[in-house]
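Chemist: In order, the protein sequence lines correspond to chains A and B.
Under our numbering, think of the first position of the first sequence as 1, with each following residue one higher.
Under our numbering, think of the first position of the second sequence as 530, with each following residue one higher.
Each residue gets a CB set at the ideal place from its N, CA and C atoms; glycine is no exception.
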Amino acid sequence: MDLHELQQIARRERERRRRIRIHCCTSLGCHASNAIEIKRRLEEAVIAAGLEGEIEVAGVGCMGFCGHGPMVEIDPENILYEYVSPDDAPSIVASIHGGACTAGRGDKNHPFFARQYPIVRKNGGKIDPERIEEYIAAGGYRSLYRAINEMTPAEVIDEITRSGLRGRGGAGYPTGLKWATVAKSRGDRRFVVCNGDEGDPGAFMDRSVLESDPHLVLEGMSIAAYAVGADQGYVYVRGEYPLAIERLQKAINQAKKHSLLGSQIFDSALDFRVDIRVGAGAFVCGEETALIASIEGGRGQPRPRPPYPAESGLWGKPTLINNVETFANIASIIERGSAWYSGIGTESSRGTKVFALTGKICNTGLVEVPMGMTLREIVEGLGGGAPDGGTVKAVQTGGPSGGCIPASLFDTPVDYESLAKVGSIMGSGGMVVMDEATNMVELAKFYMEFCMDESCGKCIPCRVGTVQIYRLLEKITAGEATPADVDQLRALCQLVRDTSLCGLGQSAPNPVISTLKYFPEEYDALIKP
Amino acid sequence: MAAKTLKINGTMISAREGESILEAARDSGVSIPTLCHLDGLSDVGACRLCIVDVGGRLRPACTTAVAEGMDIQTNTEQLRAYRRQIVELLFAERGHVCAVCVASGHCELQNLAVSLGMDHVRYDYLAPTCTVDISHQRFGIDHNRCVLCTRCVRACDEVEGVHTWDISGRGTSARIISDLNQPWGDAESCTSCGKCLLACPTGALFQRGSTVAEMEHASGRIAVIVESRRVRG
Ligand SMILES: Cc1cc2nc3c(=O)[nH]c(=O)nc-3n(C[C@H](O)[C@H](O)[C@H](O)COP(=O)(O)O)c2cc1C
Ligand code: SF4
Ligand code: SF4
Ligand code: SF4
Ligand code: FES
Ligand code: FES
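Next up, the structure:
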């Protein structure tokens, strides 16, 4: 494979294309509501109308507006249909030549779309994730070529450092710095690991990226491998994501076939192979040291750090571990430059972030917005606020590790530092919206039950402390608790936060601490004097 | 090997590079409570009793290496309160009835409770159903008294080289298991060496036939075995 061949594939793909493409979302949300049948019926309708020469039907990745799915889009006409049913298929095809359409029209000028800034999701809803040709026609693998042929590994790392990209897995560690550490660590072999465990309830960003654009993640990993000197990569995906695994495996096979993975990539000295490792769906296996233990075939259980994986990771070798979304940013940074990327977002948090909007919100789905956008704009502007005239009361960011932010603080800009200041975290991008009907103590109890069930059991504060916190919350919601129990609750939260071994335990009390802080009256109302 | 100078409870001490805070503290006569640590075995940092305050941040002493200029407090009000809470959590987790336990008087958990001044448990007793396995000819395990410190797992794996023990389940459902979750008596890998009994800090692992307060663990022998192997090469 060389640049010429890459361009040829792109040209052949463009020539193959029909004038009009009907994009039919086949990602999980729409998949679950009959998208495959819709796609089949659309294909039938095109043939029945004798329009195969002019129209093609493409199964594409998630368009983001999952709550209004199944979604269908006419390209390049820019017409969107929502809540499509298989019976709408003939009229959708007929509408292209002016016929009436029975499907509901979506609005592409809706703030939900208009205020997004797609980088990670640039191909989402536009290309068929199962065809590498479409990814290449969209400019794919050009950045890998550029990195290998026009840049030294040190220059690649430098570019990522200057972009200001920070890890999207939760903690926001500077990506360039991590790459530089791995590149400098001593070892006869290095590994690149992509963390696709995505275990927090309400989060589905990484699944969507893997399902909608698997090559984007693979290209990011390959660039990383070149930069840090790795020859083997692993993508760790939870078993509950069968469609993501299937598409990723297809993508790996296609990339191998085109020599974009394997030996001497782009005729360079870079050898890089990628394998999938399927996890059993434990939340704790998203923690990097537990994830590494799991890939090694051991019990998915964290170990104390340091040493950090960058120095001693998989089988004791220097290992770069980044989140799916982190890798999905890389190709664009190499393509458009660090200056462009660092111009998006805020001083401390550059670029965009993908959020999964769920809960009591009109527009459930995925949004990618520049860092620094306020919570209000995301929840009310893009998300459309609470359905049925309800009022949004709070939003939980960061899932079970995050905190609850009340509506009074919705002018907080979404960046790592600002969210930490109000007692929550960016987390991996889950945003669960609550309305007036949600009881905050119940919410805290829900997340604590999750942490209690997901605790690996290694350290005592998390293993037993979460159970005791959960029991106290149960006592409170049953109306049987006294003020002394609330003191006990606070003391336990501090213990678990300060003394647990890994991030799961350390952050487990966050939902309780933040609801106690912002909604004390809801606790008080349940306490016996 | 380079020496490091650091402060423990306000006193300057010197420590060897690569040494843990726990070792450095002990060398200078400062004792720090531990439970999952056992001399001679690798450290896992699981019980969190050895936490110390390093310049305002809490760190486990057993798995944190010394560094130049560290300012360590080992016995603050906050640390004592946390340690007491942790031991309380353990007593509430399973069924510890000291009055009828083989290890009473020789139990590290009991000693910790006494030294930390933990005289009552403020938490709900979780009272899980735990089994007692006496299928082994000479030994038994009573899961009611197990604190999941994994000292038996490491002694069997690292010293005897067998790895009969491991853990199944997670959270408070986690249990120590022998071989493929079989009765100990059916675990073919076990050589009946008794090292796990030496390592166990509580009355969970015991010699069959011992009665109340008879079970002394002599856990120091694990370190003696490891050290003598090292010296003899
Ligand atoms: C309990 C727990 C769960 C985690 N789950 C995930 C996850 O699902 N995906 C992820 O990328 N990072 C997760 N992390 C963070 C990882 O440990 C690690 O920091 C991250 O993968 C690094 O990638 P990044 O620098 O690109 O963010 C989790 C951490 C903890 C403590
Ligand atoms: S904090 Fe919880 S999940 Fe993490 S090591 Fe301790 S018990 Fe396991
Ligand atoms: S008796 Fe020895 S071999 Fe058997 S389980 Fe205990 S340590 Fe392992
Ligand atoms: S049996 Fe004893 S040594 Fe093994 S984990 Fe339980 S308490 Fe620790
Ligand atoms: S899954 Fe179809 S729009 Fe998201
Ligand atoms: S002795 Fe250090 S954590 Fe248990």
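What is the DSSP secondary structure of B/CYS722, reduced to helix, strand or coil?
Modeler: Of the three classes helix, strand and coil, the one that applies to B/CYS722 here is coil, per DSSP.
Chemist: Run through chain A and tell me which residues come within less than 8 angstroms of B/ASP653, C-beta to C-beta.
Modeler: Correct list: GLN468 and ARG471.
Chemist: Shortest alpha-carbon distance to A/TRP315 belongs to which of A/THR26, A/GLY465, A/ASP188 and A/PRO511?
Modeler: Among A/THR26, A/GLY465, A/ASP188 and A/PRO511, the Cα nearest to that of A/TRP315 is on A/ASP188.
Chemist: Report yes if the C-beta distance between A/MET434 and A/GLY359 is below 8 angstroms; otherwise report no.
Modeler: The answer is yes: Cβ separation under 8 angstroms.
Chemist: Pull up the distance between the alpha-carbon of A/PHE330 and that of A/SER95, whole angstroms please.
Modeler: Reading off the sequence, residue 330 of chain A comes out as Ile, not Phe. Near 39 angstroms, if we compare the C-alpha coordinates of A/SER95 and A/ILE330.
Chemist: Please confirm whether A/VAL284 and A/ALA290 have their CB atoms less than 8 angstroms apart.
Modeler: Yes, Cβ-Cβ distance for A/VAL284 and A/ALA290 is below 8 angstroms.
Chemist: In the DSSP assignment, find the unbroken alpha helix (DSSP H) run with A/ASP487 in it and report its ends.
Modeler: Its alpha helix (DSSP H) spans residues 483 to 499.
Chemist: For A/PHE266, which beta-bridge partners are listed by DSSP?
Modeler: A/PHE266 pairs with nothing; no bridge assigned.
Chemist: Could you name the residues of the same chain whose beta carbon sits closer than 7 angstroms to that of A/ARG207, not counting the 5 residues immediately before and after it, in chain order?
Modeler: Closer than 7 angstroms at the Cβ level, and outside the excluded window around A/ARG207, lie LEU28, GLU198, TYR241 and ALA244.
Chemist: Once you ignore the five residues that flank B/ASP671 on each side, which residues in its own chain have a CB closer than 6 angstroms to its CB?
Modeler: Same-chain partners within the cutoff: VAL661 and ALA733.
Chemist: The beta strand (DSSP E) that contains A/ASP197, what's its start and end?
Modeler: Counting along the chain, A/ASP197 falls outside any beta strand (DSSP E), and DSSP gives it neither H nor E.
Chemist: Should A/GLY530 go down as buried or exposed, given a rule of 16 or more other Cβ atoms within 10 Å for buried?
Modeler: This structure gives no information on residue 530 of chain A, because the portion of chain A shown stretches from 1 to 529.
Chemist: Mind checking whether A/THR326 and A/LEU473 have CB atoms under 8 angstroms apart?
Modeler: In this structure, A/LEU473 does not lie closer than 8 angstroms to A/THR326 by Cβ.
Chemist: Smallest Cα separation from A/ILE74: which of A/CYS24, A/LYS39 and A/ILE47?
Modeler: The residue with the shortest Cα to Cα distance from A/ILE74 is A/CYS24.
Chemist: Does the beta carbon of B/CYS685 sit closer than 8 angstroms to a beta carbon anywhere in chain A?
Modeler: Taking Cβ atoms only, chain A never reaches closer than 8 angstroms to B/CYS685, which makes this a no.
Chemist: Verify the CB distance criterion: does B/LEU641 have a CB-CB separation below 8 angstroms to chain A?
Modeler: Not closer than 8 angstroms to any Cβ of chain A, the Cβ of B/LEU641 fails to qualify, so no.
Chemist: Using a C-beta cutoff of 8 angstroms, does A/VAL274 count as contacting chain B?
Modeler: Not one chain B Cβ lies under 8 angstroms of A/VAL274.
Chemist: List the DSSP bridge partners of B/ARG704.
Modeler: Note: B/ARG704 sits in a beta bridge opposite B/SER697.
Chemist: Taking 7 angstroms as the cut-off, is the CB of B/PRO730 close to at least one heavy atom of ligand 4?
Modeler: Yes; taking the cut-off as 7 angstroms, the Cβ of B/PRO730 has a heavy atom of ligand 4 nearer than that.
Chemist: At a cut-off of 7 angstroms, is A/VAL284 close to ligand 2 when judged by its beta-carbon and the heavy atoms of the ligand?
Modeler: Indeed, a heavy atom of ligand 2 lies less than 7 angstroms from the Cβ.
Chemist: Nearest to A/CYS502 by alpha carbon, out of A/VAL367, A/ALA478, A/VAL467 and A/LYS458?
Modeler: Taking only the C-alpha atoms, the option nearest A/CYS502 is A/LYS458.
Chemist: From the beta carbon of A/SER401, is the nearest beta carbon of chain B less than 8 angstroms away?
Modeler: Chain B, which has no Cβ nearer than 8 angstroms to the Cβ of A/SER401, makes this no.
Chemist: Give me the subset of the region 494 to 509 of chain A whose CB atoms are less than 9 angstroms from a CB atom of chain B, sorted by chain position.
Modeler: The region 494 to 509 of chain A vs chain B, Cβ under 9 angstroms: GLN494, LEU495, ASP498, THR499, SER500 and LEU501.
Chemist: Could you check which residue in A/GLU442, A/ALA89, A/GLN7 and A/ARG11 has the C-alpha nearest to that of A/ALA35?
Modeler: It is A/ALA89.
Chemist: Is it buried or exposed, A/ASN323, if we count other Cβ atoms within 10 angstroms and call 16 or more buried?
Modeler: It counts as buried.
Chemist: Report yes if the C-beta distance between A/MET71 and A/VAL84 is below 8 angstroms; otherwise report no.
Modeler: Going by C-beta atoms, A/MET71 is nearer than 8 angstroms to A/VAL84.
Chemist: Tell me which same chain residues have a C-beta within less than 7 angstroms of the C-beta of A/ALA280, skipping the five on either side of it?
Modeler: Counting only Cβ-Cβ distances below 7 angstroms, and skipping sequence neighbours, we find GLY239.
Chemist: Are the C-beta of B/CYS576 and some C-beta of chain A separated by less than 8 angstroms?
Modeler: Judged by the 8 angstroms Cβ criterion, B/CYS576 is in contact with chain A.
Chemist: Pick out every residue whose C-beta is nearer than 6 angstroms to a heavy atom of ligand 3: which are they, in chain order?
Modeler: This criterion selects B/ALA684, B/CYS685, B/GLU689, B/VAL691, B/THR693, B/TRP694, B/CYS719, B/THR720, B/SER721, B/CYS722, B/GLY723, B/LYS724 and B/CYS725.
Chemist: Please return the same chain residues whose Cβ sits closer than 6 angstroms to the Cβ of A/GLY163, not counting the five positions on each side in sequence.
Modeler: Sequence inspection shows Ser at residue 163 of chain A; the Gly mentioned does not correspond to that position. Cβ neighbours of A/SER163 beyond the five flanking positions: ILE333, SER338, TYR341 and SER342.
Chemist: Under the rule that 16 or more other beta-carbon atoms within 10 Å means buried, what is A/ASN253, buried or exposed?
Modeler: Per the 10 Å Cβ criterion, exposed.
Chemist: Report yes if the C-beta of A/PRO302 is less than 7 angstroms from at least one heavy atom of ligand 2; otherwise report no.
Modeler: Yes, ligand 2 has a heavy atom inside 7 angstroms of this Cβ.
Chemist: Enumerate, from N- to C-terminal direction, the unbroken beta strand (DSSP E) stretches of 3 or more residues contained entirely within the region 374 to 461 of chain A.
Modeler: For the region 374 to 461 of chain A, whole beta strand (DSSP E) runs of length 3 or above, ordered along the chain, are 392 to 397, 403 to 406 and 430 to 435.
Chemist: For the region 487 to 499 of chain A against the region 509 to 518 of chain A, are there 3 or more C-beta pairs whose distance is under 8 angstroms?
Modeler: Segments in contact, yes.
Chemist: Can you have a look at A/GLU347 and say buried or exposed, based on whether 16 or more other CB atoms are within 10 angstroms of its CB?
Modeler: Exposed.
Chemist: At what residues does the beta strand (DSSP E) containing B/LYS533 begin and finish?
Modeler: Run containing B/LYS533: 532 to 537, per the beta strand (DSSP E) assignment.
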